[in-house]
Each structure stands twice: as structure tokens, then as C-alpha cells.
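Student: The structure is given below, and queries will be raised subsequently.
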Amino acid sequence: MDKASHLSVILDLSPVQWHLFGQSTNPFPLSLSSFLSQLLAFLNAHTACKDENTLAVFGAFPGKSVLLFSSTTGISEGDLGPADANTYRPFKMLDATIMKSILEELEELSGAQEESPLGLVGALTKALCYINRTSSAASSAPAARSEETNLPDPRILIISVSPDQPSAYIPIMNSIFSAQKLKVTIDVCKLFGSDSVFLQQASHLTGGSYIFLERPDALLQYLTMSFLPPPALRQLLSVPTQDKVDFRAACFCHKNIVDVGFVCSVCLSIFCQPVPVCSTCRTKFPIKTLQRLNASKPPAPTANRAAIPATSLPRSTSIGSGTPRLTPLSNGNGTVHPPSQNGTPR
Amino acid sequence: MPPRRITNIDDSDSDISILDDVDIEARGKAKGKGKAVDRGQSSKSKSKAKEQPYAWEATYTRSWDTVQEDEAGSLQGAVEDLIARGRRRRLLAPAAAIRRTIIRHLILILDLSASMLDRDMRPTRFDLMLQYAREFVTEWFDQNPLGQIGIVGMRSGVGERAGEMSGNPQDVLRAMHERHKLEPAGEPSLQNAIEMARSSMSHLPTHSSREIVIIFGSLTTCDPGNIHDTLDECIKDKIRISVVALAAEMKICRDLCDKTGGQFGVAMNEGHFKDLLFELIPPPAQRAAVSRAAGASATNLSADLMMMGFPTRLPNTSPPSLCVCHSELKSEGFLCPRCAAKVCDVPTDCDICGLMIVSSPHLARSYHHLFPVKAYKAVESLVDTPNPSPTCHACSVNFADVALPKPGSAMEGMSPIGRYRCPDCHHDFCTDCDVFVHDVVHCCPGCGK
Numbered sequence: 001m002d003k004a005s006h007l008s009v010i011l012d013l014s015p016v017q018w019h020l021f022g023q024s025t026n027p028f029p030l031s032l033s034s035f036l037s038q039l040l041a042f043l044n045a046h047t048a049c050k051d052e053n054t055l056a057v058f059g060a061f062p063g064k065s066v067l068l069f070s071s072t073t074g075i076s077e078g079d080l081g082p083a084d085a086n087t088y089r090p091f092k093m094l095d096a097t098i099m100k101s102i103l104e105e106l107e108e109l110s111g112a113q114e115e116s117p118l119g120l121v122g123a124l125t126k127a128l129c130y131i132n133r134t135s136s137a138a139s140s141a142p143a144a145r146s147e148e149t150n151l152p153d154p155r156i157l158i159i160s161v162s163p164d165q166p167s168a169y170i171p172i173m174n175s176i177f178s179a180q181k182l183k184v185t186i187d188v189c190k191l192f193g194s195d196s197v198f199l200q201q202a203s204h205l206t207g208g209s210y211i212f213l214e215r216p217d218a219l220l221q222y223l224t225m226s227f228l229p230p231p232a233l234r235q236l237l238s239v240p241t242q243d244k245v246d247f248r249a250a251c252f253c254h255k256n257i258v259d260v261g262f263v264c265s266v267c268l269s270i271f272c273q274p275v276p277v278c279s280t281c282r283t284k285f286p287i288k289t290l291q292r293l294n295a296s297k298p299p300a301p302t303a304n305r306a307a308i309p310a311t312s313l314p315r316s317t318s319i320g321s322g323t324p325r326l327t328p329l330s331n332g333n334g335t336v337h338p339p340s341q342n343g344t345p346r
Numbered sequence: 001m002p003p004r005r006i007t008n009i010d011d012s013d014s015d016i017s018i019l020d021d022v023d024i025e026a027r028g029k030a031k032g033k034g035k036a037v038d039r040g041q042s043s044k045s046k047s048k049a050k051e052q053p054y055a056w057e058a059t060y061t062r063s064w065d066t067v068q069e070d071e072a073g074s075l076q077g078a079v080e081d082l083i084a085r086g087r088r089r090r091l092l093a094p095a096a097a098i099r100r101t102i103i104r105h106l107i108l109i110l111d112l113s114a115s116m117l118d119r120d121m122r123p124t125r126f127d128l129m130l131q132y133a134r135e136f137v138t139e140w141f142d143q144n145p146l147g148q149i150g151i152v153g154m155r156s157g158v159g160e161r162a163g164e165m166s167g168n169p170q171d172v173l174r175a176m177h178e179r180h181k182l183e184p185a186g187e188p189s190l191q192n193a194i195e196m197a198r199s200s201m202s203h204l205p206t207h208s209s210r211e212i213v214i215i216f217g218s219l220t221t222c223d224p225g226n227i228h229d230t231l232d233e234c235i236k237d238k239i240r241i242s243v244v245a246l247a248a249e250m251k252i253c254r255d256l257c258d259k260t261g262g263q264f265g266v267a268m269n270e271g272h273f274k275d276l277l278f279e280l281i282p283p284p285a286q287r288a289a290v291s292r293a294a295g296a297s298a299t300n301l302s303a304d305l306m307m308m309g310f311p312t313r314l315p316n317t318s319p320p321s322l323c324v325c326h327s328e329l330k331s332e333g334f335l336c337p338r339c340a341a342k343v344c345d346v347p348t349d350c351d352i353c354g355l356m357i358v359s360s361p362h363l364a365r366s367y368h369h370l371f372p373v374k375a376y377k378a379v380e381s382l383v384d385t386p387n388p389s390p391t392c393h394a395c396s397v398n399f400a401d402v403a404l405p406k407p408g409s410a411m412e413g414m415s416p417i418g419r420y421r422c423p424d425c426h427h428d429f430c431t432d433c434d435v436f437v438h439d440v441v442h443c444c445p446g447c448g449k
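Structure representation (C-alpha cells):
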């Protein structure tokens, strides 16, 4: 840990999910307050690792997202109350600010707001904007300053308790690609609920780790052992990496998460069932394709497999011969026309 | 001395002997294409500016007037302002509705003839070409994640397939990795190479683009037949040919590009070579339906609905099993969602059930084109805002309290107070975030879409 690192933490603070999580019917219930105390210990550990380490904490509440704490903004002295000889001042500042802003935000939530979808995308994009701002400020600043403000290892830790929102598929994917561009690692710590397809992809694509906690009551141990070391160190530490990555996507029409979809060849929109007209680009699809896809929806389509030889170069052959198999798709049942001709039958 | 300079010599003679205004006329005729234009611009820009300035000259003619020093005499603020303004202008540029090809297929033809050993580009044309070609491939796959590239070399009068069509950048880069396998020799043959590229693309479906990019260093081509027949075939197959020449313009190269709708350029120096090559990276606008015999309906005909499966990736810690593509014992792999067969790599077609297996992030890379973020409006003043937020909604940077009056800022869509407001969620964003959100994230932090 010779370099300073930046950590942005995104907290999923959905009251409904935390209530469900805290119920004693769960095998390992975890209440929000005990979660926060474990989390604060982790955040303190991060700031204590190195003086120059920076931290930003974002909260994703239903319908909105808020920056709860950032180590670059100053904190007014009055909030802290009397100095305590037994606590390290920066720790106290961090703890007090985070707790205070979480409390404020939760109290502001009205009953109707609690139903609105979680502002995870907002929090994620804000974290990216924050990293972009701090890192670009560092690069444009004079050389003397850049060394201390530079963020060599920016990473984002998402602590999630809510299920996936299929409606947020495209924004989440866009955020993942921008994280890739900024070379930001996204770690995901899933505490409760089922596996999140999108967050799995996020950590896989950015080289982070996705950990589903089997024992959420041991949260602090997971956090310190897996998420405290910066990504550069993790290769040496054999951090638990993710098991399977589910590459499923959400369809555009019903926002279902699908594993077999129908894709428009013009704009690549995904649909969960054959549609006559693409809703995104208004392309009309040939009626024959629809009939065939509808007919072959449960079983396999009748693509002619015999034409593909299993050669010794399967990677490139499967690519090279993979695309031509689209041709029978566009031309109808079984009859294969020369693909390069423009005058294929309508 | 490479022969490409010859074209310039008679031009530059006229520079010395003829009076300025005569020279302008002479040059006006002489500048047809290629580098005569560019050279004329650099050497004669002053005299030209009086008559009819080029568009790019006009933009920067009086740029020094707009720069103002701040109190400390520093230009930093002014420069940053100019940069921000430029980015903002690019952002506001009207996005004309052009239909672009997403699924691209490209054959990169590299000249591996003896002329590539010329040292007019450092270190040699060949080394520079390999270096730029690698960068080209990386960048190309970044912008065209669904595309595929194949590599063909021209050497000793024949076309050599150096790399099969592949959608994996690593495969393509590996084909160019071993320099000694591509050592230049002999004469190039345009026809052989193009025929080879054409035959490897002729089976492709109609909804994908077929392109050939030729990096050509020689001034000759050694063909077995009539290259114009090949050209006609390419036009028929709708293959777009682009050529980056390193030596000089050849009539046949120009014809290949013009008739197939590609781009032609002669590299003047190393930087220009890279520029020419990298201009070919963004997806080309699909050729207008007019040029097609069948008209507009033909474009719709080529559109189709495809069935695709999104696999599950197994980690390398899973118990090993045989893959269906190589029959090898492996831990990692992708599971077909329909028949649960294990394949080694995506995108591919499942060898068992024939389902097209793609990784959904590949598709998702293009979605920001479909759902762009609305342009933020520049906030002129805070008069009609009852409760302005003190910080940027995205990065929480504090906004400047007082407006800095800058000349002409309002008309260029710049906000004098550095605030840009989303038309949907009415949150304010700073200049940096405005550009970052529209250029990179493609998702508004306020509305979350």
C-alpha cells in the first residue's frame, strides 16, 4: 500500500429491504444500525491505512441519491460537539457526518417515496462524476500538487441489499462502460436477497470482486479481508472472486431479465418475444422471420448444422461461419439463397 | 528519395518564380486532391486568407483576440475557458440522423512488399504500419465491439491470409504480433489481396457492412488479371474499400475508393498517417438507399430479428468439463442458456443447438446511441430559480457565487455562471460533469436514465 487510493462507497439504503433483512425469520438477520457500525469501522480502517487515502460515501435512497460524506469537503466544527479525548478526530468527523446525513435523509422520506425505485444508478453516476472531477483536477493541476491529489486506484464499492431493477439495465451498463474507461474498479458486496445479475456483470467487467455474503453477520470481516486492500494488492491476497457471471440482459419491451432474447439487427434492441416492428428504431421485420421464430420458440431453430465442419480452428471458424448462419434466418424456412445477392425474396 | 515528392516539385517551382496572385490561380487549378491541397494551405495560407479563407482558417484567424490575461497575467483561465467552449460546441453540434452500421466486417490489407522497407517514415514504413495497425485494431474494437477484423498481407505478388476474421481483438493482434512472419518482400498485388478479402467476406449476411482497408506503400501493383473486374465485383458485393497510401496517389487506388464509397488519403508524415487511418474507425454511415437498386425497401429487407442467447460464464475454479467446440477439458467457459452446452468463447454459435450466443455487455455498448442524454441547458442567471442548489448535483463541487462576465459566452451556449440544467430533472451540473455525462457516462445522474 505505498500509493494512496480512493474509495467511493455506495450504500443501498432502501428502508423496505433493510426491514426485511432485519427480521428475525432470516437465518442471519442484520439490522441497519449494526450494519452501519460495522461499516464505519471499515471506513475508518480505510482512512487509517494511509494519510492520503480519500473516501466518498454515497447513499442510494428510494427515488434519490445523496453524497453523504466526502473527505475533500470541509466539515463545520459545530457539528462535532465537544472534543472527546478517547476518539481520533477524523474518525469522529467521518462517523458523525455519515450518521447525521443518513438520519436526515431517512426522516425526509415519506411513505409514498419509499415505493419509488432505488436511486442506485444516480449514486453510481455521481460516484463516477466525483472520481472524474477529482482525477481530472489532479491531472490538470501543476506537477507539485498532482502527486497528492492524484487518484491512482479509484474504486467503487457497492453494498447492495435490493434486488435488480430491470428498468435500470441500460443506465447501469452505461455506467459500467464509463467505469471501464476511467479505469475504476467496481466491487460489489451483496448482503441480502438473490444474486444481482447487473452488479455481477459490473464487477466482472471492471475487474472487481462480487461477493455474496453467506454469513452477513460477519460483515466486517468480509469487508476488511476482501475490500480493504486496493485492487493492485488483491492478486497477492487471493481475495474470493466471483463464482459464475450471469450475462443475462433485460429486454426493452417488458423489462424482463431474459437469457434467450430476440435482437433487432439494426439497433440491437433486445425483446423477450418476437415483435413485428422494432420499438426503438421502427424497423419492420420480415413476416417469415416472425412466423419461423414463433414456431421455433420453444425448440431449436432448424439451422442447417451440417454445413459447419468442425475444423482444427474452431474459434475463428465458429466466428467466420457463425454469421452466415444468419442467412437462412433472413430467407425463410430451410431454403438457402445466395446471401450476397441483394435481390433476395421479400 | 521516395517518388511521392515528385508531384510537388513543379508546384514548388512556381512558388518562387510566379507572383503571388498569379500563384493563387495556378494553385487553384493544381489543387485537385490529396496533398496538394494540404501543402498549399501550409505554404500559402496568408495569401489565400485574403481571397477566400478556408473554414478552418476562419475559425482560428483571430483567436488571439479572444484570449485575455487575468489579473496575474496568466493565460491559464482563458485557455481553460476556450477548451471548455470547444467541448461544449462539439456537444451541441446537431446530431444529424445518420444510419450507421453497427455490425462491421473489415479486412485489413497490409502491404508487405519491399517498398515498405523505405525509411522515409521512422523507423521504417513497415514498423510504423505495424505499430499503427495495432493501435487501429485496439481502437476499432473499442468503438465497434460487434465488428470482426481479418488480416491479409500483400507479399511477393500474392495475397496471404495472416489472420482469420475474428471478433476478438487479441486474436487479431496476435496475427500482427510476430514481426518476422510479416517481413516485407517482393511486389504487392492489389488484385490478389482484394480477391482474397472479397471471397472471405462474400458469404456475410446483408445487414452487416463489408469493408476493406488497405495500407499501401508501393507505387506499383502486380496483378494476374484485370483489376477493374475485381473492382466491379466489389461494387456488386457492396464492399467499401478505403486506402491509406504512404507513397503517392495512384489512379487505381483512387478509383477503388471513389467507386466503392471509401476514403482515400496519402499520408504526408507519421502523424498524418495515423490521422488518416484513425478516420476509418468510426462506423461509416450506411450508404444511402438511393444508391441501391431496390430503393428504401431494400434497407428494411436486410433488417431482421435474430434470436440470441446470453450465456453464464463459469469461473476457472469450477470443476473441469469437456467443451463442445474443442472437446478439451477446461474449467472456464460459457454455458449456452438453451442446451447448457459449454463453449469456450463468445460471441459464437452453440455447436449443439445452433443458438447465437453473445455476451449482453457487447450489445449494451451501443445502447447509448439509441438513448442519448438530453443536452443540458445553459443557465443564464439565477433570477427565476427560487432555491438554487449551491453544489453540482453530480460531483458536489461548489458553484461560483458571482457570474464572471465573459464576452460572447451566451451565444455559444456557455453559461456565465457555469451551471447547466437537465431539462428533465431540473438539477444543475457543472461544466466538467456536463461534458462527462454526455461524452462518457451517457446517463443523467439526476433522472437516472
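Which chain is which? The protein sequence lines are P and Y, in order. The first sequence begins at 1 in the UniProt record's numbering and counts up by one. The second sequence begins at 1 in the UniProt record's numbering and counts up by one. For every residue, glycine included, the Cβ atom is placed at its ideal position computed from N, Cα and C.
With C-beta atoms as the reference, is I176/P less than 8 Å away from A202/P?
Tutor: Position 176 of the first sequence, counting from 1, holds the residue named residue 176/P. Position 202 of the first sequence, counting from 1, holds the residue named residue 202/P. Contact flag set, yes.
Student: Between the stretch 155 to 175 of chain P and the stretch 13 to 23 of chain P, do at least 3 Cβ pairs fall closer than 8 Å?
Tutor: yes
Student: Using the Cα positions of L382/Y and C395/Y, report the straight-line distance between them to the nearest angstrom.
Tutor: Against the second sequence, residue 382/Y aligns to sequence position 382. Against the second sequence, residue 395/Y aligns to sequence position 395. Per the coordinates, the alpha-carbon of L382/Y lies some 20 Å from the alpha-carbon of C395/Y.
Student: Assuming I281/Y is part of the beta strand (DSSP E), what are its boundary residues?
Tutor: Here residue 281/Y is taken as the residue at index 281 of the second sequence, counted from 1. Per DSSP, I281/Y belongs to no beta strand (DSSP E) and is neither H nor E.
Student: Can you confirm whether A130/P, when its beta carbon is compared against all beta carbons of chain Y, has any partner nearer than 8 Å?
Tutor: On the first sequence, residue 130/P is found 130 positions in, with the first residue counted as 1. Residue 130/P is actually Tyr in this sequence, not Ala. Yes, Y130/P lies at the interface with chain Y (some Cβ there is under 8 Å from its Cβ).
Student: Taking the runs of the alpha helix (DSSP H) that are 4 residues or longer, which of them lie wholly in the stretch 334 to 415 of chain Y?
Tutor: Correct list: 360 to 364 and 367 to 370.
Student: Determine, using beta carbons only, whether H19/P comes closer than 8 Å to chain Y.
Tutor: Counting from one through the first sequence, the residue named residue 19/P turns up at place 19. Answer no: the Cβ-Cβ gap between H19/P and chain Y never drops below 8 Å.
Student: In whole angstroms, what is the alpha-carbon distance linking I212/Y and R234/P?
Tutor: If you number the second sequence from 1, residue 212/Y lands on position 212. If you number the first sequence from 1, residue 234/P lands on position 234. So the alpha carbons of these two residues sit roughly 43 Å apart.
Student: If you follow the beta strand (DSSP E) that I159/P is in, where does it begin and where does it stop?
Tutor: On the first sequence, residue 159/P is found 159 positions in, with the first residue counted as 1. Per DSSP, I159/P is one residue of the beta strand (DSSP E) stretching across R155 to S160.
Student: Taking Cβ to Cβ, would you say A60/P is nearer than 8 Å to D12/P?
Tutor: For the purposes of this step, residue 60/P is taken as the residue at position 60 of the first sequence. For the purposes of this step, residue 12/P is taken as the residue at position 12 of the first sequence. Taking 8 Å as the Cβ cut-off, A60/P and D12/P qualify as a contacting pair.
Student: Sorted by chain position, which residues of the same chain lie with C-beta nearer than 8 Å to P224/Y's C-beta, five sequence neighbours on each side aside?
Tutor: Here residue 224/Y corresponds to residue number 224 of the second sequence, with the count starting at 1. Only S189, Q191 and N192 meet the Cβ criterion.
Student: Whole-angstrom Cβ separation of L246/Y and F278/Y, contact assumed at under 8 Å?
Tutor: Mapped onto the second sequence, residue 246/Y falls at position 246. Mapped onto the second sequence, residue 278/Y falls at position 278. The pair is not a contact, with the Cβ atoms about 15 Å apart (cut-off 8 Å).
Student: Which two residues bound the contiguous beta strand (DSSP E) that contains Y210/P?
Tutor: Locating residue 210/P in the first sequence gives position 210, where the first residue counts as 1. Unbroken beta strand (DSSP E) run through Y210/P: Y210 to F212.
Student: Who are the near neighbours of P276/P in its chain, counting only those whose CB is closer than 8 Å to its CB and skipping five residues on each side?
Tutor: Start at 1 with the first residue of the first sequence, and residue 276/P comes out as number 276. Cβ neighbours of P276/P beyond the five flanking positions: K284, F285, I287 and L290.
Student: Strictly below 7 Å CB to CB, what residues from chain P border V441/Y?
Tutor: Against the second sequence, residue 441/Y aligns to sequence position 441. Listed by position along chain P, the residues whose Cβ is nearer than 7 Å to that of V441/Y are T125, L128, N174, S175 and S178.
Student: Could you work out which residues of chain Y lie near K181/P, taking near to mean beta carbons separated by less than 8 Å?
Tutor: Your numbering for residue 181/P matches position 181 in the first sequence. Ordered by position in chain Y, the residues that pass the 8 Å Cβ test against K181/P are V440.
Student: When you compare each of T431/Y, C353/Y, D111/Y and F371/Y to E187/Y by their alpha carbons, which one comes out closest?
Tutor: In the second sequence, residue 187/Y corresponds to position 187, counting from 1. Relative to E187/Y, the option among T431/Y, C353/Y, D111/Y and F371/Y whose CA is nearest is D111/Y.
Student: Compare the Cα-Cα distances from Q165/P to each of A218/P, I156/P, S178/P and E115/P and report the closest residue.
Tutor: For the purposes of this step, residue 165/P is taken as residue 165 along the first sequence, with counting starting at 1. Measuring from the Cα of Q165/P, the nearest candidate turns out to be E115/P.
Student: With burial defined as no fewer than 16 other Cβ atoms inside 10 Å of the residue's Cβ, what is the status of E249/Y: buried or exposed?
Tutor: Taking the second sequence and counting its residues from 1, one reaches residue 249/Y at position 249. By the neighbour-count rule (16 or more Cβ atoms within 10 Å), E249/Y is buried.
Student: Can you confirm whether V260/P, when its beta carbon is compared against all beta carbons of chain Y, has any partner nearer than 8 Å?
Tutor: Residue numbering aside, residue 260/P sits at position 260 when the first sequence is read from its first letter. Yes, contact with chain Y.
Student: Tell me whether Q38/P is buried or exposed, calling it buried when 16 or more other Cβ atoms sit within 10 Å of its Cβ.
Tutor: In the first sequence, the residue the question calls residue 38/P occupies position 38. Label assigned to Q38/P: buried.
Student: Give a yes or no on whether 8 Å exceeds the smallest Cβ distance from A295/P to chain Y.
Tutor: Here the question's residue 295/P lines up with position 295 in the first sequence. Answer no: the Cβ-Cβ gap between A295/P and chain Y never drops below 8 Å.
Student: Leaving out five residues on either side along the sequence, give the residues of the same chain with a beta carbon under 8 Å from the beta carbon of C430/Y.
Tutor: Position 430 of the second sequence, counted from the start, is the residue given in the question as residue 430/Y. Closer than 8 Å at Cβ, skipping near neighbours: C392, A394, C395, V397, F399, G418, R419 and Y420.
Student: Under the assumption that T312/Y contacts D246/P (Cβ atoms under 8 Å), give the Cβ distance between them as a whole number of angstroms.
Tutor: The count along the second sequence starts at 1 and reaches residue 312/Y at position 312. The count along the first sequence starts at 1 and reaches residue 246/P at position 246. Contact holds; Cβ gap of about 5 Å.
Student: Looking at chain P, is there any beta carbon in it that lies within less than 8 Å of the beta carbon of P372/Y?
Tutor: Residue 372/Y sits at position 372 when you count from the first residue of the second sequence. Answer no: the Cβ-Cβ gap between P372/Y and chain P never drops below 8 Å.
Student: Given V379/Y, which residues of its chain have a CB within under 8 Å of its CB, disregarding the five upstream and five downstream residues?
Tutor: Here the question's residue 379/Y lines up with position 379 in the second sequence. Excluding the 5 residues flanking it on each side, V379/Y has same chain C-beta neighbours closer than 8 Å at T385, S415, I417, R419, Y420, R421 and D428, in chain order.
Student: Is any beta-carbon of chain C found at less than 8 Å from that of M129/Y?
Tutor: This model lacks chain C altogether; the protein chains it does include are P and Y.
Student: What did DSSP end up calling Q115/Y once you bin it into helix, strand or coil?
Tutor: Position 115 of the second sequence, counted from the first residue, corresponds to residue 115/Y. Note that residue 115/Y is Ser in the sequence shown, not Gln. If DSSP states are grouped into helix, strand and coil, S115/Y belongs with the helices.
Student: With 8 Å as the C-beta to C-beta threshold (strictly closer), list the residues of the stretch 239 to 254 of chain P near chain Y in chain order.
Tutor: Cβ contacts with chain Y come from T241, Q242, D243, K244, V245, D246, F247, R248 and A249.
Student: Could you say which of A340/Y, W140/Y, R122/Y and I252/Y lies nearest to L218/Y if we only look at CA atoms?
Tutor: For the purposes of this step, residue 218/Y is taken as residue 218 along the second sequence, with counting starting at 1. Just to set this straight, residue 218/Y is Ser in the shown sequence, not Leu. S218/Y has its Cα closest to that of I252/Y, out of A340/Y, W140/Y, R122/Y and I252/Y.
Student: Contact check, I103/Y vs G147/Y under 8 Å by CB: the rounded distance?
Tutor: Numbered from its first residue, the second sequence carries residue 103/Y at position 103. Numbered from its first residue, the second sequence carries residue 147/Y at position 147. The beta-carbon separation of I103/Y and G147/Y, rounded to 7 Å, stays under the 8 Å limit for a contact.
Student: Note down, one range per segment and in chain order, each beta strand (DSSP E) of at least 3 residues found wholly within the stretch 212 to 262 of chain P.
Tutor: none
Student: Can you tell which of R122/Y, G77/Y and E164/Y has the C-alpha that lies nearest to the C-alpha of M268/Y?
Tutor: On the second sequence, position 268 is the one that residue 268/Y refers to. Ranking R122/Y, G77/Y and E164/Y by Cα distance to M268/Y puts R122/Y first.
Student: Which chain Y residues sit within Cβ distance under 8 Å of S136/P?
Tutor: Counting from 1 along the first sequence, the entry for residue 136/P is found at position 136. The answer, in chain order, is D432.
Student: Are R125/Y and M176/Y touching if we call contact CB-CB under 8 Å?
Tutor: Indexing the second sequence from 1 puts residue 125/Y at position 125. Indexing the second sequence from 1 puts residue 176/Y at position 176. No; because the gap between Cβ atoms is not below 8 Å, this pair is not in contact.
Student: Pull up the distance between the alpha-carbon of K64/P and that of F371/Y, whole angstroms please.
Tutor: Translated into positions along the first sequence, residue 64/P becomes position 64. Translated into positions along the second sequence, residue 371/Y becomes position 371. Those two C-alpha atoms are separated by around 21 Å.
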